[in-house]
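>
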Amino acid sequence: MSKLVLVDGNSVAYRAFFALPLLNNEKGVYTNAVYGFTTMILKILEDEKPSHMLVAFDAGKTTFRHETFKEYKGKREKTPPELAEQLPLMRDLLKAFNISYYEVENYEADDIIGTLAKNASEKDWNVKVYSGDKDLLQLVSNNVHVALTRKGITNVDTYDLDMIDEKYGITPNQIIDMKGLMGDSSDNIPGVPGVGEKTALKLLKQFETVEGVYESLDDVSGKKLKEKLEANEDQAMMSKKLATIETSAPVDVSFDDMNVGEPHQEELISLFKELEFSSLLNRFDHGEVEVEEMADLEVTIANELKGDMFTSTSAMVVEVLDENYHQADIIGISVVNESGRFFIPTEVALQSEMFKTWAADDTKKKYIFDAKRAVVALGWQGIILEGVDFDVQIASYLIDPASGSHELSDISQRKNSISVQHDEAVYGKGKKRQIPAEEELAQHLGRKASAIYELKESLGEELKENEQDALFSELEMPLSVILGRMEMNGVAIDADELKEMGENLAEKLSKMEKEIHELAGTTFNINSPKQLGEILFDKLELPVIKKTKTGYSTSADVLEKLADQHEIIEKILYYRQLGKLNSTYIEGLLKVIHKKTDKIHTIFNQAITQTGRLSSTEPNLQNIPIRLEEGRKIRHAFVPEEKNAVIFAADYSQIELRVLAHISQDENLKQAFLENMDVHTKTASDVFNVEADEVTDQMRRTAKAVNFGIVYGISDYGLSQNLNITRKEAKTFIDRYFDSYPGVKDYMDQVVETAREKGFVTTMLNRRRYLPEITSRNFNQRSFAERTAMNTPIQGTAADIIKKAMVDMAEEMEKKNMKSRLLLQVHDELIFEVVEEELEQMKELVPKVMENAIKIDVPLTVDYSYGETWYDAK
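Residue numbers (our numbering): 51 to 924.
#1: Quick check for students: name the residue ranges of the beta strand (DSSP E) that lie wholly in the segment 620-671, counting only runs of 3 or more.
#2: Evaluate the contact criterion for the segment 65-75 versus the segment 111-126: three or more CB pairs, one atom per stretch, below 8 Å.
#3: Between the segment 667-685 and the segment 394-407, do three or more beta carbon pairs fall short of 8 Å?
#4: Apart from the five residues on each side of it in sequence, which residues of its chain come closer than 8 Å, Cβ to Cβ, to asparagine 431?
#5: Tell me, please, which residues DSSP counts as bridged to serine 329.
#6: Which residues in the same chain have their Cβ closer than 8 Å to the Cβ of glutamate 617, if we skip the five residues on either side of it in sequence?
#7: If you draw a straight line from the alpha carbon of leucine 889 to that of threonine 661, how long is it in whole angstroms?
#8: What would DSSP say about histidine 472, mapped onto helix, strand or coil?
#9: Taking a contact to mean a Cβ-Cβ separation below 8 Å, would you say valine 425 touches glycine 540 in this structure?
#10: Which class does asparagine 238 belong to by DSSP, given the choice of helix, strand or coil?
#11: Quick one: residues in its chain with C-beta nearer than 6 Å to the C-beta of isoleucine 226, no 5 flanking neighbours on either side, listed in chain order?
#12: Pull up the DSSP beta-bridge partners for threonine 733, would you.
#13: According to DSSP, is phenylalanine 688 helix, strand or coil?
#14: Mapping DSSP to helix, strand and coil, what is proline 350?
#15: I need the straight-line Cα distance from proline 528 to valine 857, nearest angstrom please.
#16: Compare the Cα-Cα distances from aspartate 269 to each of Gly164, Gln256, Ala281, Val260 and report the closest residue.
#17: According to DSSP, what are the bridge partners of aspartate 701?
#18: Could one say the Cβ of threonine 667 lies closer than 8 Å to chain D's Cβ atoms, at least one of them?
#19: Would you kindly check if the distance between the Cβ of valine 442 and the Cβ of isoleucine 461 is under 8 Å?
#20: Between which two residues does the beta strand (DSSP E) harbouring lysine 53 extend?
#21: Per the contact definition of three or more C-beta pairs closer than 8 Å, is the segment 807-815 in contact with the segment 774-794?
#22: By the 10 Å Cβ neighbour count, where 16 or more other Cβ atoms means buried, how is glutamine 721 classified, buried or exposed?
#23: What do you reckon, are the CB atoms on valine 263 and leucine 279 nearer than 8 Å?
#24: At which residue ranges does the segment 817-891 contain complete alpha helix (DSSP H) runs of 4 or more residues, listed in the order of the chain?
#25: Just the C-alpha distance for glutamate 512 and isoleucine 449, rounded to the nearest angstrom, thanks.
#26: Would the beta-carbon of alanine 83 fall within 8 Å of that of leucine 144?
#27: Output yes or no for whether 8 Å exceeds the beta carbon distance between histidine 712 and isoleucine 906.
#28: Which of the three DSSP states is assigned to asparagine 957 in this structure?
#29: Would you tell me roughly how many angstroms separate the C-alpha atoms of proline 792 and aspartate 716, rounded to the nearest one?
#30: I need the boundaries of the alpha helix (DSSP H) containing aspartate 412, first residue and last residue.
#31: Can you tell me the Cβ-Cβ gap for glutamate 925 and alanine 699, rounded? I've got them flagged as a contact below 8 Å.
#32: Is there contact between the segment 247-254 and the segment 217-231, where contact requires at least three CB pairs shorter than 8 Å?
#33: Within the chosen definition, does the segment 139-158 reach the segment 90-104 through at least 3 CB pairs nearer than 8 Å?
#34: How would you call lysine 506, buried or exposed, if buried means at least 16 neighbouring beta carbons within 10 angstroms?
#35: In the DSSP assignment, what are the bridge partners of aspartate 207?
#36: Are the CB atoms of threonine 297 and threonine 118 nearer to each other than 8 Å?
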C-alpha cells in the first residue's frame, strides 16, 4: 500500500530554530534551523520509508482567512531574520533529497496538507502528517495519523483516533469546535473569552458542536458561562470557521510529483560541506573518487640536480600529505620553469647543497601553492625558503573569497587552467591513503607545479583589476611567511604544569562528584544523561523541561533553566565545565606537544574566513576558555623558551567600534574616541537618557551588547537573546542607538546601496566580499546579504589592521636585529616572547607600530602587559 508523508514545513522550521542555539558556518550563514530541519527529514525517511512525500510551506502572510478576520495571526511576532534567512536553504536541501515541496498563494501549509491528506485517504493510502500545530489533529481518520512534535526536534507523539479519544474524549472533527470555543492565542483566534480547553471539552461532550451549544444555550449550566457564550456567539462561529482546515484548496500537484526518489547524493554532500554538517556527512557513502584520465606530461625525474633546473623564476611544489604538516614528511618536490618540468625525490633535494642554496636565495622567485606550508615543511628539514613571490592559494582566496574550496585542483578547474587531480584521487583517503609509484607521483606533482606556473599570470591580472595587488603583495604574501616562521618557532609549554593542572582538576572533579552524590542522596554516573535525568526528574522531582527519545533531556540549556530549583544544578554545570577543561584542553594540549621540540606548533589558517580573520587549528589556541578561572589558568603553562624572557601581550582596545567610527564618520561616535570616553558608558548615557555618572553597571552591559551587536548586524531577535529581554525592548534599544549615532544609520543604508550597485563590499585595504543575494527577490536571502554588507567592512578592516601590524612588527624587529619574537595572534591580540634586555624597547615599539598600522580618524589604542607566563601577561 502507498504511504504518503506530509510535513508542515514552517512548523518544523520554527521548532528547529527555537530548539537549537544559534549556529553559523565559517561564512556567517545561520544554520541551526536548517540542521534541525534536516535531522527531522532524515528521521522521517528512516522511520516511515514513505513511497510519497511532500513538504508544505506557507506562501505568504495573507490568506483567505484574513477576509473573515483581518486580525488573524495578527499578534505573531515577525519571523526572526536569523530564521528567515535559512528557509531558502531548506528548499535547497529538499531538492537535493529529491523531496517535493509546495506552496499556494492565499492558503496555508495546513490547507495543502488537508487537501492532499483527504485525496490520498480517499485512495485508501496510509497518510502520516508531521507538524507542531494541534489544528491538524482534525485531519485524523482511520488511515490519516498526525505526528505532533514535542519539545526538541525529532521527538513526536503520533495521534490516531484512539489517542485523540483518550486525550480529549472527542472526535477529530470536534477539534475545530474546541478551537471555536476556546480560541487559539498563537493564531489570534479569539474564541469565547473566559472559555478554556477544559470548559470547551465539557460543552462539546454535552452538545457535540459549537452550533449544538448555541441551539441548547438554555441547557448550559452556570450563569456566567451562559452570559459569556451568549455575548460572543458570532465570535465563536467565526473562530470555528478560522480553525477549519480547507480540504479542497487549489493544489496543483499530482501524486506522481510526490514520489520519493533517490537523493542527489553529490548535491547533498556539497550542501552538507557548505553548511558544515560534518556529523550528517558521515551518513552518506562518499564513494571512491574517480581518477580523471589525463594525458601524461613530460616530467623529468631528477635523481641528479643540474644548475639549469633552477632559473630566476620557478613554480614549486613541496608535497606533504598530512594536514598537520608539522608532524609529517615531505614525499616529493617538483619545480617547473622555462627549462622544463622536474620531479625531485625528497632525499635528493634534502642532500643537495644546490637545492638548499636556490631555496634560500631571495633573488630567485618562487611561485607556490600554500607558501606557509612549504616554509614549514622545508624548515623542519633545516632548509630556509626565501623569495616566495606568488601564492596561488592566497590569490584565489582574495579573488573568490566565497568559494567553497581553495584547493589547487578546484582553482585550476575554475580558472580553466591545466587540469590537476584531487589529491584523494591520487593518494586515496583514510586508511587506504598511500604514496603511489614514483612515475605517478612525478606526474601529479609535475601537474601541480605546471598549474601554479600557468595560474600566476591570470590570477595576478585579476588582482590588479580588482585593485587588490597591494593587499596581496604588501600584506598577505609577507604575512604567510611570517606565519610560517611563527608556526615553526612554536610556543614553549610547561608540560609538568599542565599535568599538575590536570591532577588538580581531577581532584576538584572527584570532590564535586561527592558533593553532587550527597545532594542526590545516592551514587550515580553524572556523565550519563539517562542516570542524571532519573535523579533530577524522578528522584528529586524537578520540573521536566524537555524529553528525548531515550528519556529526559539534561542538556546545558535545560539545566540553566533549572538553576534556581535546586543547588545540585549549579554543581552539575560546574562539574561539566571542569570535565571539558580537563579532556579538551589539558589532555588535548598534552597530546599535541611536539616530540622533537617539546613545544606546541599551531597551524594558522590564512585562507578560510571571508572577513579576513585568521583562525588556528592543531590545536586551536584562539579558543582556550577564559571565563572560568580554571580555564584562564591553562595559560599558566605557556611560557617563554628563553630563561631571561617574558610573555608580552598587546591588545587593540575596541578596534571594531573605532573602525565603525571612522567608516561611518558619525560625529558622536568619533567624539567618544577622540575625547577618550568610555564608549559603552557614553552609549548607555545616550540610549537611557541619563548623565554619564548615573549609568549603572547593567545599563553599561546593555549598551556594550548593543554596541558590539551593531557591528555584527544584530537583529532585535538576536539582541533579545543576548540580553534575555523581549524583542520589543531590544528593538527600542537599537532604535535609540541609531537616534544617538545617526551617522552609523546613514553608513548602514549607504553600504547596502553600494553593495547593490557593485555586487560586493570592501575593507579599507580593498579586501572584497561578494554579495550576489543583495538583489535577490527573495526577502530572506536579500536580508542576509544586507546584514553582511553592513558588518564585513568593519570586521574585515579590523582583521586587516592586525595583519598589517604583524607585518610591520616583523619588519621593525628584523631591522633592529632583535631577539624577541612574535608567538601568537589571538583575536585582537599579539603575543610576543620578549628577552629581558629588549623589554623597555618593546614597551615603546609594540604600541607605536600597532597604533600606526593603518591611519584612521580616531586613535587606535593598544594596551599591553607582560609576565612570566601568558596568564601573568593578562
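By construction, the Cβ of each residue, glycine as well, lies at the ideal position given by its N, Cα and C atoms. Owing to the predicted nature of the structure, the values given are computational and were not obtained by experimental measurement.
So, to answer that:
#1: 653-655, 665-667
#2: no
#3: no
#4: Working through the sequence shown from its first residue, we reach residue 431 at position 381. Here the sequence assigns glutamine to residue 431, which means asparagine is not the residue at that position. Only Ile380, Leu400 meet the Cβ criterion.
#5: The residue you call residue 329 lines up with position 279 of the sequence shown. Beta-bridge partners of serine 329 (DSSP): none assigned.
#6: For the purposes of this step, residue 617 is identified with residue 567 of the sequence shown, where counting begins at 1. Same-chain partners within the cutoff: Leu569.
#7: One-based indexing of the sequence shown puts residue 889 at position 839. One-based indexing of the sequence shown puts residue 661 at position 611. If you take the alpha carbons of leucine 889 and threonine 661, they lie about 33 Å apart.
#8: As a first step, residue 472 must be located in the sequence shown, where it is residue number 422. Of the three classes helix, strand and coil, the one that applies to histidine 472 here is coil, per DSSP.
#9: The residue you call residue 425 lines up with position 375 of the sequence shown. The residue you call residue 540 lines up with position 490 of the sequence shown. No. Outside cutoff.
#10: In the sequence shown, counting from the first residue as 1, residue 238 sits at position 188. Three-state DSSP puts asparagine 238 in coil, outside helix and strand.
#11: Numbered from 1 along the sequence shown, position 176 holds the residue referred to as residue 226. Closer than 6 Å at the Cβ level, and outside the excluded window around isoleucine 226, lie Gln188, Lys290, Ala293, Thr294.
#12: To locate residue 733, count along the sequence shown from 1; it is residue 683. Bridge partners of threonine 733 according to DSSP: none are assigned.
#13: The count along the sequence shown starts at 1 and reaches residue 688 at position 638. Reduced to three states, the DSSP call for phenylalanine 688 is strand.
#14: The residue given as residue 350 occupies position 300 in the sequence shown. Position check: residue 350 holds threonine in this sequence, whereas proline was assumed. Strand at threonine 350.
#15: The sequence position of residue 528 within the sequence shown is 478, counting from 1. The sequence position of residue 857 within the sequence shown is 807, counting from 1. In a straight line, the C-alpha of proline 528 is about 7 Å away from that of valine 857.
#16: Numbered from 1 along the sequence shown, position 219 holds the residue referred to as residue 269. For aspartate 269, the nearest C-alpha among the options comes from Gln256.
#17: Position 651 of the sequence shown, counted from the start, is the residue given in the question as residue 701. Per DSSP, Glu879, Asp913.
#18: As a matter of chain content, chain D is missing from the structure shown, which is built from one protein chain.
#19: Start at 1 with the first residue of the sequence shown, and residue 461 comes out as number 411. Start at 1 with the first residue of the sequence shown, and residue 442 comes out as number 392. It is a contact, given that the beta carbons lie within the stated cut-off.
#20: Counting from one through the sequence shown, the residue named residue 53 turns up at place 3. Segment 53-58, the beta strand (DSSP E) holding lysine 53.
#21: no
#22: On the sequence shown, residue 721 is found 671 positions in, with the first residue counted as 1. Glutamine 721 is exposed by the Cβ-count criterion.
#23: Walking along the sequence shown from the start, residue 263 turns up at place 213. Walking along the sequence shown from the start, residue 279 turns up at place 229. Yes, these two residues count as a Cβ contact at 8 Å.
#24: Given a length threshold of 4 residues, each whole run of the alpha helix (DSSP H) inside the segment 817-891 is given here in chain order: 829-865.
#25: On the sequence shown, position 462 is the one that residue 512 refers to. On the sequence shown, position 399 is the one that residue 449 refers to. Within the model, the alpha-carbon separation for glutamate 512 versus isoleucine 449 is close to 7 Å.
#26: Indexing the sequence shown from 1 puts residue 83 at position 33. Indexing the sequence shown from 1 puts residue 144 at position 94. In this structure, leucine 144 does not lie closer than 8 Å to alanine 83 by Cβ.
#27: For the purposes of this step, residue 712 is taken as the residue at position 662 of the sequence shown. For the purposes of this step, residue 906 is taken as the residue at position 856 of the sequence shown. Result yes, Cβ atoms of histidine 712 and isoleucine 906 sit closer than 8 Å.
#28: One cannot answer for residue 957 here, as it falls past the ends of the chain, which runs 51 to 924.
#29: Taking the first residue of the sequence shown as 1, we reach residue 792 at position 742. Taking the first residue of the sequence shown as 1, we reach residue 716 at position 666. Each residue's alpha carbon lies about 7 Å from the other.
#30: Position 362 of the sequence shown holds residue 412. It is not in any alpha helix (DSSP H) - aspartate 412 carries neither H nor E in the DSSP assignment.
#31: Examination of residue 925 is not possible in this model, given that the chain is present from 51 through 924 alone.
#32: yes
#33: yes
#34: Counting from 1 along the sequence shown, the entry for residue 506 is found at position 456. Buried, since its Cβ has 16 or more Cβ neighbours within 10 Å.
#35: For this step, residue 207 is matched to residue 157 along the sequence shown. Paired residue(s): Leu198.
#36: As a working mapping, residue 297 is identified with position 247 in the sequence shown. As a working mapping, residue 118 is identified with position 68 in the sequence shown. Result no, Cβ atoms of threonine 297 and threonine 118 do not sit closer than 8 Å.
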